[in-house]
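**Q** Chains A and B supply the protein sequences, listed in that same order. Residue numbers for the first sequence follow this note's numbering, so the first one is 3 and each next one is one higher. Residue numbers for the second sequence follow this note's numbering, so the first one is 3 and each next one is one higher. Glycine included, C-beta positions come from ideal geometry on N, C-alpha and C.
2 protein chains.
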Amino acid sequence: MAYRILIVDDEHELQNMVKEILTQAGYETDAALACAQALERFQAGNPDAVLLDVNLPDGDGFSLFGQLRESRDVPVLFLSARDEDEDRLRGLGLGADDYITKPFLPQELLLRLRSVLRRVYREEPDAARLGDAKIDWGKGIVRRNGVETALTAKEFTLLKKLWEARGNIVTIDALCETLWDGPLVGYENTLMVHIRRLREKIEEDPSHPKYLLTVRGLGYRLVREGMR
Amino acid sequence: MAYRILIVDDEHELQNMVKEILTQAGYETDAALACAQALERFQAGNPDAVLLDVNLPDGDGFSLFGQLRESRDVPVLFLSARDEDEDRLRGLGLGADDYITKPFLPQELLLRLRSVLRRVYREEPDAARLGDAKIDWGKGIVRRNGVETALTAKEFTLLKKLWEARGNIVTIDALCETLWDGPLVGYENTLMVHIRRLREKIEEDPSHPKYLLTVRGLGYRLVREGMR
DNA sequence: GCCCACCTTACGTTTACCTTACTTCTGCAT
DNA sequence: ATGCAGAAGTAAGGTAAACGTAAGGTGGGC
Chain A
3 MAYRILIVDD
13 EHELQNMVKE
23 ILTQAGYETD
33 AALACAQALE
43 RFQAGNPDAV
53 LLDVNLPDGD
63 GFSLFGQLRE
73 SRDVPVLFLS
83 ARDEDEDRLR
93 GLGLGADDYI
103 TKPFLPQELL
113 LRLRSVLRRV
123 YREEPDAARL
133 GDAKIDWGKG
143 IVRRNGVETA
153 LTAKEFTLLK
163 KLWEARGNIV
173 TIDALCETLW
183 DGPLVGYENT
193 LMVHIRRLRE
203 KIEEDPSHPK
213 YLLTVRGLGY
223 RLVREGMR
Chain B
3 MAYRILIVDD
13 EHELQNMVKE
23 ILTQAGYETD
33 AALACAQALE
43 RFQAGNPDAV
53 LLDVNLPDGD
63 GFSLFGQLRE
73 SRDVPVLFLS
83 ARDEDEDRLR
93 GLGLGADDYI
103 TKPFLPQELL
113 LRLRSVLRRV
123 YREEPDAARL
133 GDAKIDWGKG
143 IVRRNGVETA
153 LTAKEFTLLK
163 KLWEARGNIV
173 TIDALCETLW
183 DGPLVGYENT
193 LMVHIRRLRE
203 KIEEDPSHPK
213 YLLTVRGLGY
223 RLVREGMR
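In structure tokens form, the structure reads like this:
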């Protein structure tokens, strides 16, 4: 999932350039031309970072910065045509994450933005990839085509067990044992139902699974990337 | 506890100046004149950040940077006398946290360092936001729609535990353990009651929580905003 | 073609959690 | 000590999501 960046600048030309740069690099962008609009877009779009020009028609970037930070500790990178020491110090002094003076190299903008995002959102969510599905173990959810689905307790432990042995067959007995840790009889059918429900959450076509495969007579197995 | 900063520069004069600036600002400093020494001081001193000159007598700062990062994801700010685009892009491209060109204003160095440290070591402001609720950890108070509500001891530690893991599920066992420190069982119901009371303080509609969510069979989880 | 392993669906059951009211505990001021 | 107030814990009835069951269907392997 791409980061969403809000660009606030009153120069159309520069705004489009920045937008182009960021889009090329795989970010999602949103834009505002003035303070009022910026606040509105900020609330609506909930961006992951803000690129903020100091000069704005209906106020200055510094006070807008204050309003943004009051609502949330969002990363903000100032852009400014003025390379006055005073401005730079003011921006950084307020707590901005960076202060970039125009003109700047597209590459440098990207790198500085990346640097900030890396620090702010560093903690890689403990996630696993399964084709086009992403499993977030911390949240206990799986994302596919942008939609999040919560895993139930049984589905969670079941999927985890399969994931830990991904590429290898896990017997039905072994699965039953991890799900009910006890007499491993009588729950085989229930297991199938859970498998089915899991497939509905991680597979595109649950009836023709591509990832959670059944091995007739033995058990189930999760495919491993680049392996069959 | 003051941050420890390692300065790596072969110019005595500049090194002393930087040292002076940082010490004045309340940082602890350590210094090295060349790569070999830098690595030694890095291992020994375990600094919280490194200020790194690009030009060094026994190698260049870029490769030293690689060695440092290999051992640990320490924040690094490059200092350079050369304001060549190429160098800046290279430094930032490697993953540096900032790139400052000499001569620089002492104040700017401090601000940029502070900015990086703030993100890396998460100096949590003494208050947290949760939707329209603001939590003041210092006072142990929650504000919503202008009304202040005091948190009780149990509610406070419970909320803090959830906050520290915000975005991720915290198991009921883990919560019980922090509230009653011990592998005690039998407090699950009490925990629920505390959860309920917390919700009444932070949620608009406690019966349909938007922030403190329950994950059936697994635990509870506090939503995290502006982040995926 | 037949069997058996597995799939699939609908539906009934259970259990984890919610909610409320009440009781007990704890610390503090009198 | 005594009583009080707020905090913490207990209990019991309610609810819906999660789970389990069963029964008919499907298809691969012999």
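1. Since residue 87 (chain A) meets chain B, which of its residues come closer than 8 angstroms, beta carbon to beta carbon?
2. Under 9 angstroms Cβ-Cβ, which residues of chain A neighbour residue 220 (chain B)?
3. Counting only C-beta atoms, is residue 229 (chain A) closer than 8 angstroms to chain B at any point?
4. Measure how close the beta-carbons of residue 181 (chain B) and residue 160 (chain B) come, nearest whole angstrom, since I'm counting them as under 8 angstroms.
5. Using CA coordinates, which residue listed in B:221, B:72, B:48, B:139 is at the minimum distance from residue 194 (chain B)?
6. Of the residues B:76, B:14, B:31, which one's Cα is nearest the Cα of residue 58 (chain B)?
7. Cα separation between residue 61 (chain B) and residue 19 (chain B)?
8. One question on the structure: do residue 140 (chain A) and residue 153 (chain A) come within less than 8 angstroms of each other, judged by their Cβ atoms?
9. Of the choices A:155, A:158, A:137, whose alpha-carbon is the least far from that of residue 148 (chain A)?
10. State the start and end residues of the unbroken alpha helix (DSSP H) segment that holds residue 180 (chain B).
11. Relative to the C-alpha of residue 56 (chain A), which candidate in A:98, A:21, A:74, A:28 has its C-alpha closest?
12. Just to confirm the assignment, what range does the beta strand (DSSP E) spanning residue 144 (chain B) have?
13. Identify which residue in A:30, A:49, A:66, A:170 has its Cα closest to the Cα of residue 38 (chain A).
14. Go through its chain and collect everything with a Cβ distance to residue 35 (chain B)'s Cβ below 6 angstroms, but skip five positions before and after it.
15. Bridge partners of residue 61 (chain B), per DSSP?
16. Scan the segment 41-65 of chain A for residues whose Cβ lies nearer than 8 angstroms to a Cβ of chain B and list them as they occur along the chain.
17. I need the DSSP call for residue 200 (chain B), collapsed to helix, strand or coil.
18. Residue 197 (chain B) versus chain A: which residues are under 8 angstroms apart at the beta carbon?
19. Leaving out five residues on either side along the sequence, give the residues of the same chain with a beta carbon under 8 angstroms from the beta carbon of residue 17 (chain B).
20. Does DSSP classify residue 87 (chain A) as helix, strand or coil?
**A** This is what the structure holds:
1. Numbered from its first residue, the first sequence carries residue 87 (chain A) at position 85. Within chain B, the residues near residue 87 (chain A) are 107, 110.
2. Within the second sequence, residue 220 (chain B) is the residue found at index 218, counting from 1. Within 9 angstroms Cβ-Cβ: 142, 153, 154, 155, 158.
3. Residue numbering aside, residue 229 (chain A) sits at position 227 when the first sequence is read from its first letter. At residue 229 (chain A), the pLDDT of 44 sits below 50, so the modelled position is not reliable and the matter cannot be decided from this model.
4. Here residue 181 (chain B) refers to the residue found at position 179 when the second sequence is read from its first residue. Here residue 160 (chain B) refers to the residue found at position 158 when the second sequence is read from its first residue. 6 angstroms between Cβ atoms; contact.
5. The residue you call residue 194 (chain B) lines up with position 192 of the second sequence. Nearest in C-alpha terms to residue 194 (chain B), of all of B:221, B:72, B:48, B:139, is B:221.
6. For this step, residue 58 (chain B) is matched to residue 56 along the second sequence. Considering only B:76, B:14, B:31, the residue with the shortest C-alpha distance to residue 58 (chain B) is B:14.
7. Stepping through the second sequence from its first residue, residue 61 (chain B) is reached at position 59. Stepping through the second sequence from its first residue, residue 19 (chain B) is reached at position 17. Approximately 23 angstroms, taken between the alpha carbons.
8. The count along the first sequence starts at 1 and reaches residue 140 (chain A) at position 138. The count along the first sequence starts at 1 and reaches residue 153 (chain A) at position 151. No.
9. Working through the first sequence from its first residue, we reach residue 148 (chain A) at position 146. Put simply, of A:155, A:158, A:137 the residue whose alpha carbon is nearest the alpha carbon of residue 148 (chain A) is A:137.
10. Numbered from its first residue, the second sequence carries residue 180 (chain B) at position 178. From DSSP, the alpha helix (DSSP H) with residue 180 (chain B) extends over 174-182.
11. Taking the first sequence and counting its residues from 1, one reaches residue 56 (chain A) at position 54. Per the Cα distances, A:98.
12. Walking along the second sequence from the start, residue 144 (chain B) turns up at place 142. Note, residue 144 (chain B): beta strand (DSSP E), 143-146.
13. Residue 38 (chain A) sits at position 36 when you count from the first residue of the first sequence. Sorting A:30, A:49, A:66, A:170 by C-alpha distance to the C-alpha of residue 38 (chain A) places A:66 at the top.
14. Working through the second sequence from its first residue, we reach residue 35 (chain B) at position 33. Cβ neighbours of residue 35 (chain B) beyond the five flanking positions: 12.
15. Within the second sequence, numbered from 1, the residue matching residue 61 (chain B) stands at position 59. Residue 61 (chain B) pairs with B:58.
16. Under the 8 angstroms Cβ criterion, the segment 41-65 of chain A contributes 48, 49, 50.
17. Within the second sequence, numbered from 1, the residue matching residue 200 (chain B) stands at position 198. Secondary structure at residue 200 (chain B): helix, using DSSP grouped into helix, strand and coil.
18. Along the second sequence, one-based indexing puts residue 197 (chain B) at 195. Those within 8 angstroms of residue 197 (chain B) in chain A number zero; the least Cβ separation is about 17 angstroms.
19. The residue you call residue 17 (chain B) lines up with position 15 of the second sequence. When the five nearest sequence neighbours on each side are left out, the beta carbons in the same chain lying within less than 8 angstroms of the beta carbon of residue 17 (chain B) are those of 9, 11, 33, 35, in order along the chain.
20. Here residue 87 (chain A) corresponds to residue number 85 of the first sequence, with the count starting at 1. Residue 87 (chain A): helix per DSSP, three-state reduction.
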